[in-house]
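Numbering (the working numbering), first residue to last: 269 to 425.
Structural data, given as structure tokens:
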């Protein structure tokens with residue numbers, strides 16, 4: 269495996285659910301939040317925690333399908349940058365989103381582990397960058413949005 273890719277994968281994992289030097293990882297930040305907190309739009313920018321988690325999962329799902337268009341993992345929400353929250357906004361539905369986010373994250377890392385030779389140099393027209401640039405960006409994407417969540421003004425964060 270490409271040693272640079274190894275470290276990008278490490279960063280991706282640590283910032284998603286590991287023990288980051290930046291503080292609690294994305295999942296460590298959002299998992300203990302109440303349903304009221306994850307659905308509230310009374311935040312600094314009007315985003316919801318739930319919506320941001322969907323956003324992060326969507327881009328990993330999208331990258332999985334750029335690597336392997338026939339990948340079996342689905343994204344059962346609106347397939348767009350900022351998917352709409354599901355109609356059902358229960359604790360069960362939130363837990364399902366977290367479970368799916370974990371599955372997508374794991375599938376993304378598995379795809380990175382088995383990248384076709386030369387894939388990182390491939391130009392991704394949809395994103396106007398190379399696959400390597402997209403992988404590097406995704407390694408920091410959870411970090412960026414975790415900081416956004418921590419600065420939303422929600423009580424306890």
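Where is the CB? At the ideal position from N, CA and C, for every residue including glycine.
Asked, Found
"My output table needs one value for residue 311: the three-state DSSP class, helix, strand or coil.", "coil"
"Are the segment 283-295 and the segment 345-353 touching, with three or more C-beta to C-beta distances below 8 Å?", "no"
"Note down the Cα distance separating residue 340 from residue 395, rounded to an integer number of angstroms.", "22 Å"
"Three-state secondary structure (DSSP) at residue 425?", "coil"
"Helix, strand or coil for residue 316? Go by DSSP, reduced to three states.", "coil"
"For residue 291, which of helix, strand or coil comes out of DSSP?", "strand"
"Curious, which full-length alpha helix (DSSP H) runs of at least 4 residues does the segment 322-384 contain?", "359-381"
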